[in-house]
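Counting in the working numbering, the sequence shown runs from 839 upward without gaps. The beta carbon of each residue, even a glycine, is placed where N, CA and C say it ideally should be. Below is one structure, written out as structure tokens; the observations come after it.
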Amino acid sequence: HFRFDEQDGNKVVDAVNSGRSGTIHGPASREAGETDTALNFGGSTYVDAGQVGAFNSDDQFSLAARFRPTVHSGGAILSKMDDGNAFRGYDLLYVNGRIECHVVSHWPDKAFKVVTKAPVSLNEWHHVTVTYDGTRQATGLQVFLDGKLQNVEVATNNKLEGPLTTDKPFHIGKRNASI
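Dropping the structure here:
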């Protein structure tokens, strides 16, 4: 759990485990957040949080983030994905005004992708949560925006066979190499 309420520097502290931190890469500008200070992820800024969020394909897990989109084009909200290994891992993206989530053992044949049907409003703070029940199917993934379950389109609907784990770091504001 990274709050991003540090006033300066390139480290962010995990609020659950104070011995763990993430490193900010790129310009570390801060602005007023919804409740405190927020990190501005404009352009090339991202956080490398190391080896947190290590889930396998049959694990139950949830991902959550607060974000304030200012353009519809968007990018990665968070990820733990190995682009070079058939995109193994998972991500949570904001693309063309909608939330997307990939859960991948091997893209595209052992993976699924869901996309919210309703667009996300610009210049407002939002809370997105994704829950996954470990069933290895897209029907086991739910997306909530501001506490409301979202209708989703299942854009890729293959059974998740094989591992989800990767040694790539957990990123906030970036996928591994491609987004």
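message: Three or more C-beta pairs under 8 Å: does that hold for the segment 924-944 against the segment 995-1007?
response: Taking a cut-off of 8 Å for Cβ pairs, the segment 924-944 and the segment 995-1007 touch, as three or more such pairs fall below it.
- prompt: Is the segment 957-965 in contact with the segment 1007-1016, if contact means three or more CB pairs nearer than 8 Å?
  reply: Counting Cβ pairs under 8 Å, fewer than three are found: no touch.
message: My output table needs one value for G1018: the three-state DSSP class, helix, strand or coil.
response: Here the chain has residues from 839 to 1017 only, and residue 1018 is not among them.
- request: Inspect the CB distances between the segment 903-922 and the segment 965-984 and report whether three or more fall short of 8 Å.
  value: Proximity of the segment 903-922 to the segment 965-984 meets the contact definition, three or more beta-carbon pairs being nearer than 8 Å.
query: Does the distance from the CB of N878 to the CB of E869 come in under 8 Å?
result: Taking a C-beta distance under 8 Å as the contact criterion, N878 and E869 qualify as a contact pair.
query: Does DSSP put L983 in a helix, in a strand, or in coil?
result: Three-state DSSP puts L983 in a strand.
query: E999: which of K1012, A976, A993, G1011 sits nearest, CA to CA?
result: When only C-alpha atoms are compared, the closest one is A976.
task: Measure from the alpha carbon of D984 to the alpha carbon of each residue in K997, S959, V992, then state which is nearest.
output: Ranking the options by Cα distance to D984, first place goes to S959.
field: Where the beta strand (DSSP E) through G913 begins and ends
entry: From DSSP, the beta strand (DSSP E) with G913 extends over 912-920.
message: Taking DSSP's pairing of strands, which residues face V885 in a bridge?
response: Looking at the DSSP output, V885 shares a beta bridge with I862, I1010.
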